[in-house]
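Every position in the sequence shown, counted from 1, becomes a number in my numbering once 103 is added. Don't be surprised by glycine CBs; every beta carbon is placed ideally from N, CA and C.
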Amino acid sequence: MCPSGRIASSITAANPDFRPAFEVIDADRDGKISSDDLRAFYAVIPRSSGGDQDEEMMIGTMISVADENKDGFVEFDEFEKVLETAPPCGSGNGLMKDVFKVMDKDGDGRLSYGDLKSYMESAGLDANDDEIKAMIRLGGGDSNGGVSFDGLLRIFGC
């Protein structure tokens with residue numbers, strides 16, 4: 104989907120690559136997602152209400168759903184299984200909305216060039232300026248307005 108095809112080709116619905124998403128959530132880079140990693144991930148998402156108790160329950164549920172071997176952590180293969188069976192796209196998909204919120208550093212509801220560049224770097228994806236600009240165009244945005252949530256779904260081929 105990008106001009107060179109280097110990045111987007113690995114995240115198509117037919118051949119998803121969840122490693123970059125896993126690595127963004129695995130804050131301590133130990134190869135597994137812990138409750139602490141999820142807390143750190145969700146700490147950057149602005150919330151209007153809910154409280155710590157709701158967050159702890161949500162995190163515990165997420166770990167228990169994905170933790171197939173019941174060791175208290177989510178390894179990459181477990182993470183991949185959950186995402187492969189989840190609906191990959193759609194405005195009702197909570198995971199994609201959470202990813203969008205993490206990517207949207209200033210919380211303005213749009214992914215700017217800077218937001219996308221920062222996310223690509225933190226996910227370990229090599230994207231040059233032209234590729235990021237192409238993603239924004241593909242998502243229906245421009246260099247000034249950025250990309251909406253629906254635009255992000257278009258970038259991922261949804």
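Cutoff 8 Å; reference F203; Cβ partners in own chain excluding five residues on either side:
Taking the first residue of the sequence shown as position 1, residue 203 is located at position 100. Cβ neighbours of F203 beyond the five flanking positions: L214, F252, L255.
DSSP three-state assignment for E126, whether helix, strand or coil
By 1-based counting over the sequence shown, the position of residue 126 is 23. Looking at E126 - three-state DSSP - the assignment turns out to be helix.
**OP:** Over the uninterrupted alpha helix (DSSP H) stretch that includes A230, give me the two end residues.
**Re:** Taking the sequence shown and counting its residues from 1, one reaches residue 230 at position 127. Taken as a continuous stretch (DSSP letters only), A230 belongs to no alpha helix (DSSP H), as it is neither H nor E.
In terms of residue numbering, what span does the alpha helix (DSSP H) encompassing V202 cover? Stepping through the sequence shown from its first residue, residue 202 is reached at position 99. First-last of the alpha helix (DSSP H) with V202: 197 to 206.
Note to self: Quick check: D139 and I128, are their CB atoms within less than 7 Å of each other?
What the structure shows: Your numbering for residue 139 matches position 36 in the sequence shown. Your numbering for residue 128 matches position 25 in the sequence shown. Against a cut-off of 7 Å, the Cβ pair of I128 and D139 comes out as no contact.
So the candidates are F144, F179, M161; which of them puts its Cα closest to the Cα of D120? Residue 120 sits at position 17 when you count from the first residue of the sequence shown. Ranking F144, F179, M161 by Cα distance to D120 puts F179 first.
Checklist entry - So, helix, strand or coil for G254, using DSSP? => result Here residue 254 corresponds to residue number 151 of the sequence shown, with the count starting at 1. Three-state result, G254: helix.
| request: Look at Y222 and M238 and say whether their C-beta atoms are less than 7 Å apart. | output: To locate residue 222, count along the sequence shown from 1; it is residue 119. To locate residue 238, count along the sequence shown from 1; it is residue 135. Against a cut-off of 7 Å, the Cβ pair of M238 and Y222 comes out as no contact.
Quiz item: Where do the ends of the alpha helix (DSSP H) carrying S138 lie?
Solution: Numbered from its first residue, the sequence shown carries residue 138 at position 35. Note, S138: alpha helix (DSSP H), 138 to 146.
Just list the residues that DSSP pairs L214 with in beta bridges.
Reading the sequence shown from its first residue, position 111 is the one you call residue 214. In the DSSP output, where bridge partners are listed per residue, L214 has V250.
- Would you identify the three-state DSSP class for E159, choosing helix, strand or coil? Position 56 of the sequence shown, counted from the first residue, corresponds to residue 159. E159 falls in the helix class under three-state DSSP.
According to DSSP, what are the bridge partners of D245?
-> Position 142 of the sequence shown, counting from 1, holds the residue named residue 245. DSSP, once it has assigned bridges, lists G249 as partnering D245.
- Look at the alpha carbon of P123 and the alpha carbon of L241, and state the distance between them as a whole number of angstroms. Here residue 123 is taken as the residue at index 20 of the sequence shown, counted from 1. Here residue 241 is taken as the residue at index 138 of the sequence shown, counted from 1. Going by the C-alpha atoms only, they are around 20 Å apart.
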